[in-house]
Each structure stands twice: as structure tokens, then as C-alpha cells.
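Worksheet for the structure shown next.
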Amino acid sequence: MSGGLTQGATALDLLGPLVEAVIDGILVVSEEGKILSFNRRFVEMWGLPDSVLESRSDDAALRWALDKLSSPQEFLARVKRLYAHKDEKSHEEILLKDGRIFDRYSAPIQGSGGIYYGRAWCFRDVTEKKKLEKMIFQSEKMAAVGQLAGGIAHELNNPLTGILATTQLVLADLGDDSGQLKEDLKAIEEAAQRCRRIVTNLLGFSRSNLLSLGPVSFFNCLKHVLDLLTNEAALNKTALINKVDPGIPPVLASAIELEQVLTNLILNSIQAMPQGGAVTISSRLLDQGRLLVEIEDAGTGIAREHLSRIFEPFFTTKATGKGTGLGLAISSRILQQFRGNLAIESSGSGKGTKARIELMVFDHKPQNSAEAGQPR
9 MSGGLTQGAT ALDLLGPLVE AVIDGILVVS EEGKILSFNR RFVEMWGLPD
59 SVLESRSDDA ALRWALDKLS SPQEFLARVK RLYAHKDEKS HEEILLKDGR
109 IFDRYSAPIQ GSGGIYYGRA WCFRDVTEKK KLEKMIFQSE KMAAVGQLAG
159 GIAHELNNPL TGILATTQLV LADLGDDSGQ LKEDLKAIEE AAQRCRRIVT
209 NLLGFSRSNL LSLGPVSFFN CLKHVLDLLT NEAALNKTAL INKVDPGIPP
259 VLASAIELEQ VLTNLILNSI QAMPQGGAVT ISSRLLDQGR LLVEIEDAGT
309 GIAREHLSRI FEPFFTTKAT GKGTGLGLAI SSRILQQFRG NLAIESSGSG
359 KGTKARIELM VFDHKPQNSA EAGQPR
């Protein structure tokens with residue numbers, strides 16, 4: 009539906025074709041609160057019904073719009089202020105309940121001699137623009153954090169190597185009767201090994217080179233990881249249940265990095281159940297040559313307010329000293345290089361977590377020279 013003009017404002021007819029051609033939704037309201045003009049885009053953006061348009065009432069249009077806004081009272085207060093201050097211009101972003109973001113600009117319409125005719129309202133949907141800006145910002149932030157993490161890791165790696173080597177040499181020289189000294193040195197060695205794992209994660213996170221991809225047996229990688237985590241699971245009274253079909257086709261991946269992803273995710277599930285429980289790993293083939301793997305636990309879960317941040321580097325919901333906040337960030341980055349995907353689902357604290365991994369099934373047609381070899 010396109011807008012019309014009331015008598016007394018016919019000069020605006022000249023702008024009709026232009027107003028209909030722009031990407032903005034435009035509304036013009038008289039000093040008395042009557043709708044003078046609007047374009048089709050304005051109607052589409054707000055979904056205004058014919059009854060509101062036919063009423064030519066700005067109050068009716070405003071009531072309709074307020075019901076769609078996330079912060080209606082704040083918007084209403086600003087609208088009232090603008091109507092009370094005829095000379096003011098205003099520019100802001102408004103958030104709708106459905107997630108859309110509108111860029112809103114308002115200015116008075118004045119004729120020669122300062123005659124005030126009313127106010128123009130312009131709305132532009134900038135939802136996709138904001139999403140793109142957020143993606144670019146996140147990408148730049150991750151690159152900067154990765155560079156910083158790599159620098160820190162390299163600086164820590166040499167002294168850690170020296171600490172571990174010296175500790176191990178001293179331990180080798182001590183006799184069985186060294187008692188407390190030997191125990192203290194083992195504690196130092198264990199702490200240094202923990203630091204080494206953190207450094208390894210930092211280096212993995214900062215690594216920007218492309219991985220060498222090829223056909224990899226997901227089942228064999230999973231079996232290797234489960235064997236490595238057997239002791240950890242036993243200490244936490246956790247059962248590791250493998251429901252993955254041994255006959256599933258190979259996936260496009262790098263075996264070492266795939267095992268790193270599986271280790272991170274399964275270890276997270278084990279640690280999320282301090283009182284014990286079960287971690288279940290299952291799989292199924294999807295359409296378009298993709299494999300879906302689900303790792304599910306009945307542990308502490310993730311609070312809803314934290315779900316949007318779990319892939320941020322160094323963000324962790326674990327207690328201080330229990331996690332670096334790099335596991336999910338690294339896993340997500342690795343899977344992206346596999347042309348796969350990682351999603352984490354949780355209904356809230358205490359309701360368990362499900363990790364969903366999507367991988368490409370290897371089609372035996374190498375995508376580039378790096379994608380060669382035999383399934384591990």
C-alpha cells in the first residue's frame with residue numbers, strides 16, 4: 009500500500025516516486041498528530057494493518073509499533089520529547105522483539121519562514137549490517153587474541169621445558185628413600201605438565217596454518233581417545249558409552265586434530281559430572297554427505313546466559329584453576345578447517361549438555377593436493 013497526501017500538503021506529491029524508491033520506511037506526521045504520508049516500505053517494516061493506516065492516526069500507529077519493541081517505554085519517552093521540542097533532530101537504533109534492528113532518524117519539516125508542518129520519521133532495517141559488523145569484529149578480535157596467545161605460549165615454552173627437564177633429572181637421581189623430597193618434586197613436575205598442556209592449547213589456538221586434510225576413520229580416532237581417557241573416567245566414576253557404528257565411512261579431517269577435539273569435548277563432559285554418570289557418544293549419517301556426532305552428558309549443564317559466550321577464548325564456566333577457556337574455542341576453530349561445525353546445547357544449569365559435531369564424509373575425490381592419504 010502506498011501513501012497519499014492530505015489537502016494542504018500537495019507539494020509533497022512531487023516527491024512521491026522518490027519516496028517509494030528508497031530503502032527506508034518513511035512516515036510524515038502533522039503537528040496535530042495526523043499521518044500525512046507514508047511509503048510502502050514503512051508499512052512492510054512494521055506490518056501495519058489497513059485499519060491503522062485508514063485511521064490516519066499517529067497514536068494508533070505508535071501503539072502498534074510499541075507492541076513490537078523490546079524497550080517500548082524508552083522509545084515512547086523519546087517520541088514524546090521530540091513532539092514537544094519541534095526543532096530537535098534525533099538518531100538512534102531500536103531493537104524489536106523479533107530480533108530486528110532499525111536505524112531511526114527523525115527531523116522536523118519546516119517551510120519558508122520557519123513554518124512547522126510536522127515531523128518526518130525514517131526507519132532503515134540494519135539487522136544484517138549489524139550481524140556482519142559483529143562477525144568482522146569477532147574475527148578481528150580472535151585474530152588479535154590468537155596472536156597474543158601464540159606470543160605468550162612461545163615465551164613460556166622454553167622455561168617450562170627447562171623446569172621439566174631439570175625436575176626429571178633430579179627425580180632420576182633420587183633413591184627410593186628420598187621421602188618427602190621426591191613427593192615435592194613430583195608435585196612440581198605435575199604442575200609443570202599442567203602448564204605445558206595450557207601452552208599446547210595456546211599454541212593450538214594461535215595456529216593459523218591450514219591443516220592437511222584427508223580420509224580419517226572417525227571410529228578409530230574415537231576409540232583411541234576413549235582408551236586414553238579410561239583412567240580419567242574411572243577416577244570420576246564416569247561410564248564412557250560408545251554407540252558409534254564401526255562401519256561409518258571415513259570423514260574429511262586430520263586425525264591428530266580430530267582426536268584433540270574429541271578429547272576436549274569428552275573431558276568436558278567427564279568433568280561436568282563430579283558425582284559420576286555417563287557420557288554417551290553416538291552418530292548418524294545426514295543428507296548431503298555429512299556425519300553428525302553427539303556427545304551427551306547429564307552433568308552441571310550451562311546457564312542460558314552463558315551459552316552465547318562459550319566459544320569465546322578464555323571464557324569458562326569452570327571453577328578457578330579448573331579450566332583455561334580454550335577447549336571449545338580451539339575445537340570450533342579446528343572443525344571449521346574440516347569444513348565442519350560444532351554446536352553446544354544445554355537447557356540450563358544442572359540439565360546436562362550435548363555437543364553436536366558435524367563432519368564431511370570423505371568422498372574419495374580430493375579437494376586439493378593436501379587432501380590425500382589413507383584412513384587412519
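Position one of the sequence shown corresponds to residue 9 (this note's numbering), numbered consecutively onward. For every residue, glycine included, the Cβ atom is placed at its ideal position computed from N, Cα and C.
Do you know whose CA, among the options, lies nearest residue i's CA?
i    : options                   : result
F256 : E40, V37, Y91 and V369    : Strictly speaking, residue 256 in this sequence is Ile, with Phe absent from that position. Comparing Cα-Cα distances from I256 to each of E40, V37, Y91 and V369, the minimum goes to V369.
S262 : V37, S339 and S59         : S339
G360 : L299, A280, G335 and A337 : A280
A337 : R86, F83, N276 and N228   : N276
D133 : E101, H162, A306 and T208 : E101
I123 : L84, S354, E39 and L193   : E39
K42  : T135, V60 and G183        : V60
A247 : L221, L236, I278 and S220 : I278
L164 : Q188, L193, T208 and L182 : T208
R64  : I31, F46 and A92          : F46
P80  : M143, G183, L103 and F145 : L103
Looking only at its own chain, which residues have a Cβ that is under 8 Å from the Cβ of residue i, when we skip the five neighbours before and after it?
i    : result
P258 : P223, V224, S225, F226, V369, F370 and P383
K105 : K76, L77 and S78
A200 : L168, I171, L172 and T175
E267 : C229, H232 and V233
V252 : F226, F227, L230, I289, S290, S291 and V301
I274 : V233, L234, L237, L248, V287, I289 and I303
Taking Cβ positions, are residue i and residue j nearer each other than 8 Å?
i    : j    : result
K231 : E302 : no
G335 : N272 : yes
A306 : G285 : yes
L367 : L260 : yes
D66  : V27  : no
L177 : K190 : no
Between which residues of its own chain and residue i is the CB-CB distance below 6 Å, once the five residues before and five after are set aside?
i    : result
I342 : E265 and V269
T328 : Confidence is the limiting factor: at T328 the pLDDT is only 45, short of 50, which leaves the residue's position unreliable, though a coordinate-based value still follows. None.
T135 : R108 and I109
L70  : none
S354 : G309, I310 and T361
R364 : E302 and A351
Over the uninterrupted alpha helix (DSSP H) stretch that includes residue i, give me the two end residues.
i    : result
M53  : R48 to W54
I278 : A263 to Q279
G335 : G335 to Q345
L77  : Neither: L77 is in no alpha helix (DSSP H) and is coded neither H nor E.
A128 : Per DSSP, A128 belongs to no alpha helix (DSSP H); it is in the beta strand (DSSP E), Y124 to D133.
V301 : Not the alpha helix (DSSP H): V301 falls in the beta strand (DSSP E), residues R298 to D305.
Provide the residue span of the beta strand (DSSP E) that contains residue i, from first to last.
i    : result
A351 : N349 to E353
A286 : G285 to L294
V36  : G33 to S38
T246 : T246 to N250
H99  : S98 to L103
T308 : No beta strand (DSSP E) contains T308, which DSSP labels as neither H nor E.
Return the chain-ordered list of same chain residues with a C-beta closer than 7 Å to the C-beta of residue i, the five sequence neighbours on each side being excluded.
i    : result
F50  : G33, I34, L35 and F131
I196 : T175
Does any CB atom of chain D fall closer than 8 Å to the CB of residue i?
i   : result
I43 : No chain D is part of this structure, which consists of one protein chain only.
**Message:** Between the region 96-115 and the region 128-141, can you find at least three pairs of beta-carbon atoms closer than 8 Å?
**Reply:** yes
**Request:** Kindly confirm or deny that the region 335-350 and the region 282-297 touch, where touching means at least three C-beta pairs closer than 8 Å.
**Result:** no
**Message:** Quick test of the definition: if touching needs 3 or more C-beta pairs under 8 Å, does the region 157-167 touch the region 138-147?
**Reply:** no
**Message:** With three or more C-beta pairs closer than 8 Å as the rule, is the region 236-243 touching the region 193-206?
**Reply:** no
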